[in-house]
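Visitor: My structure is below; once you've seen it, I'll send some questions.
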Amino acid sequence: MRASAPVALHQLRVAVAEEHGDLVAALVIRAGGGGVVEEPFGHDVRLVTYGPRGTLEKLASYLRGLLGTAARVEVRTPPKRLGDWETAWTRRLDAVRVSPSLVLVPEGVRARGGASDVVVRLHPAPTFGFGEHPTTRMAARAVEELARTGRSRSLLDFGAGSGVLALVFVACGGETAIGTDIDARAVRSARKNATLNALSRKVRFSSAPLRSVRGAFDVVVANVERGTILAEAPELAARVAKGGTVLLTGFLGSDVRDVLAAFAPHGLRRRRVEREGDWALLVLGAPARRTPPVASRGARGKRPRVRRRSRTPRSR
Numbered sequence: 455m456r457a458s459a460p461v462a463l464h465q466l467r468v469a470v471a472e473e474h475g476d477l478v479a480a481l482v483i484r485a486g487g488g489g490v491v492e493e494p495f496g497h498d499v500r501l502v503t504y505g506p507r508g509t510l511e512k513l514a515s516y517l518r519g520l521l522g523t524a525a526r527v528e529v530r531t532p533p534k535r536l537g538d539w540e541t542a543w544t545r546r547l548d549a550v551r552v553s554p555s556l557v558l559v560p561e562g563v564r565a566r567g568g569a570s571d572v573v574v575r576l577h578p579a580p581t582f583g584f585g586e587h588p589t590t591r592m593a594a595r596a597v598e599e600l601a602r603t604g605r606s607r608s609l610l611d612f613g614a615g616s617g618v619l620a621l622v623f624v625a626c627g628g629e630t631a632i633g634t635d636i637d638a639r640a641v642r643s644a645r646k647n648a649t650l651n652a653l654s655r656k657v658r659f660s661s662a663p664l665r666s667v668r669g670a671f672d673v674v675v676a677n678v679e680r681g682t683i684l685a686e687a688p689e690l691a692a693r694v695a696k697g698g699t700v701l702l703t704g705f706l707g708s709d710v711r712d713v714l715a716a717f718a719p720h721g722l723r724r725r726r727v728e729r730e731g732d733w734a735l736l737v738l739g740a741p742a743r744r745t746p747p748v749a750s751r752g753a754r755g756k757r758p759r760v761r762r763r764s765r766t767p768r769s770r
């Protein structure tokens, strides 16, 4: 059987006013874009994402209709002689200091920091961020904090992308981590990054769906768009251990209430909310003793009636 040819990556560029950068980036991600890179562009910013041409053309049409003249949207076709077109953007990348003790470093960039810093190296891929986005930074800080306590030994990273959060967890003291992503490119990228950091024995990445993941984890983290988090709330909640922590990000601060409401019926309670720019990180805690999901109220606010079985059988 012949192997399928790799899909050529094209580039979508969206130029907007700087103050609208975060909001438009969220729209791109919600509409199906991958990782978004933000570049200075005169007095504005330019948001760049990569993917197959057909996907980007549909996304561009959607954005033009939504944003009108407030944005300049274009799909760029790679030249016949690619050269380094698909990797030229990596020259602008630099190390990202996530916390006083954690640095994310693109492959090929010289690490800076003290001898006590934990350094996680990542191979930059055009469809996955590596730490330059606020949601990644917030999630990585929270993962590092939990790993360093020594009480959180296992982690599940849903929508792992480059694998950065799973790698941060084990690099900072966690014992094991599993990352899942439905995108085969993400799984390949994450495995490459695990090898780059000599962490392949502690971290495992798979394209298996969330429902097939077995076991309970001390930490469950998801840095994906809002719609996916809401749809997968029952599956994510079912995989956190008693007394464990769920870290959710990838959505705007205005979405926190909806996300919290999706997890509350499963016994998860808000511990804190962090914000960076327009983005939010929601930290939820699982009870030490798990309780069944709360039944929803009826249309008029009354609880559904439960018919109890009679002590003595009735004749029909």
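If you're matching positions, the sequence shown starts at 455 in the numbering used here and goes up one per residue.
For every residue, glycine included, the Cβ atom is placed at its ideal position computed from N, Cα and C.
Within the continuous beta strand (DSSP E) that includes residue 611, where are the two ends?
Guide: Locating residue 611 in the sequence shown gives position 157, where the first residue counts as 1. Residues 608 to 612.
Visitor: Using the rule of at least 16 other Cβ atoms within 10 Å of the residue's Cβ for burial, across every protein chain shown, is residue 598 buried or exposed?
Guide: By one-based count along the sequence shown, residue 598 stands at place 144. When all chains shown are included, residue 598 counts as buried.
Visitor: Kindly indicate which three-state DSSP category residue 508 falls into: helix, strand or coil?
Guide: If you number the sequence shown from 1, residue 508 lands on position 54. DSSP places residue 508 in helix when its eight states are reduced to three.
Visitor: Within its chain, find whatever has a CB closer than 7 Å to the CB of residue 455; leave out the 5 residues flanking it on each side and keep chain order.
Guide: Here residue 455 is taken as the residue at index 1 of the sequence shown, counted from 1. Reliability of the predicted coordinates at residue 455 is poor, the pLDDT of 36 falling under 50, and no value is obtained from them.
Visitor: Figure out for me which residue from 717, 653, 521 has the closest Cα to the Cα of residue 674.
Guide: Walking along the sequence shown from the start, residue 674 turns up at place 220. The candidate whose alpha carbon is nearest that of residue 674 is 717.
Visitor: Which stretch, first to last residue, makes up the beta strand (DSSP E) that contains residue 683?
Guide: For the purposes of this step, residue 683 is taken as the residue at position 229 of the sequence shown. Run containing residue 683: none in the beta strand (DSSP E); it sits in the alpha helix (DSSP H), 680 to 685.
Visitor: Is the number of C-beta pairs between the stretch 639 to 653 and the stretch 675 to 692 that are closer than 8 Å three or more?
Guide: Touching, no, given that fewer than three Cβ pairs across the two stretches are closer than 8 Å.
Visitor: Could you give the DSSP three-state label for residue 651: helix, strand or coil?
Guide: Here residue 651 corresponds to residue number 197 of the sequence shown, with the count starting at 1. Note: residue 651 maps to coil in three-state DSSP.
Visitor: With DSSP run on the structure shown, which of helix, strand or coil describes residue 743?
Guide: Residue 743 sits at position 289 when you count from the first residue of the sequence shown. Coil, per DSSP.
Visitor: Looking at residue 740 and residue 700, is the spacing between their C-beta atoms short of 8 Å?
Guide: Residue numbering aside, residue 700 sits at position 246 when the sequence shown is read from its first letter. Residue numbering aside, residue 740 sits at position 286 when the sequence shown is read from its first letter. Yes.
Visitor: Could you tell me whether the stretch 549 to 561 touches the stretch 489 to 501, using the rule of 3 or more Cβ pairs below 8 Å?
Guide: As far as the Cβ criterion goes, the stretch 549 to 561 does not touch the stretch 489 to 501, which means the pair count is below three.
Visitor: Any contact of the stretch 602 to 621 with the stretch 508 to 522, i.e. 3+ C-beta pairs under 8 Å?
Guide: In short, these stretches do not touch, since the Cβ pair count stays below three.
Visitor: In angstroms, rounded to a whole number, what distance separates the CA positions of residue 467 and residue 530?
Guide: The residue labelled residue 467 in the question sits at position 13 within the sequence shown. The residue labelled residue 530 in the question sits at position 76 within the sequence shown. Taking the straight line joining both Cα atoms gives about 8 Å.
Visitor: Can you tell me the Cα-Cα spacing of residue 492 and residue 734, whole angstroms?
Guide: Position 38 of the sequence shown holds residue 492. Position 280 of the sequence shown holds residue 734. Distance between the alpha carbons of residue 492 and residue 734: 18 Å.
Visitor: What residue does the alpha helix (DSSP H) around residue 589 start on, and which one ends it?
Guide: Counted from its first residue, the sequence shown places residue 589 at position 135. Residues 588 to 603.
Visitor: With 16 other CB atoms within 10 Å as the buried threshold, where does residue 575 fall?
Guide: In the sequence shown, the residue the question calls residue 575 occupies position 121. Buried, since its Cβ has 16 or more Cβ neighbours within 10 Å.
Visitor: Secondary structure at residue 474, three-state DSSP: helix, strand or coil?
Guide: Against the sequence shown, residue 474 aligns to sequence position 20. Reduced to three states, the DSSP call for residue 474 is helix.
Visitor: Comparing alpha-carbon positions, which option in 683, 708, 722, 705 lies nearest residue 784?
Guide: Examination of residue 784 is not possible in this model, given that the chain is present from 455 through 770 alone.
Visitor: For residue 601, which residues of its own chain have a beta-carbon under 6 Å away from its beta-carbon, when the five flanking residues on both sides are left out?
Guide: To locate residue 601, count along the sequence shown from 1; it is residue 147. Counting only Cβ-Cβ distances below 6 Å, and skipping sequence neighbours, we find 623, 626, 627, 628.
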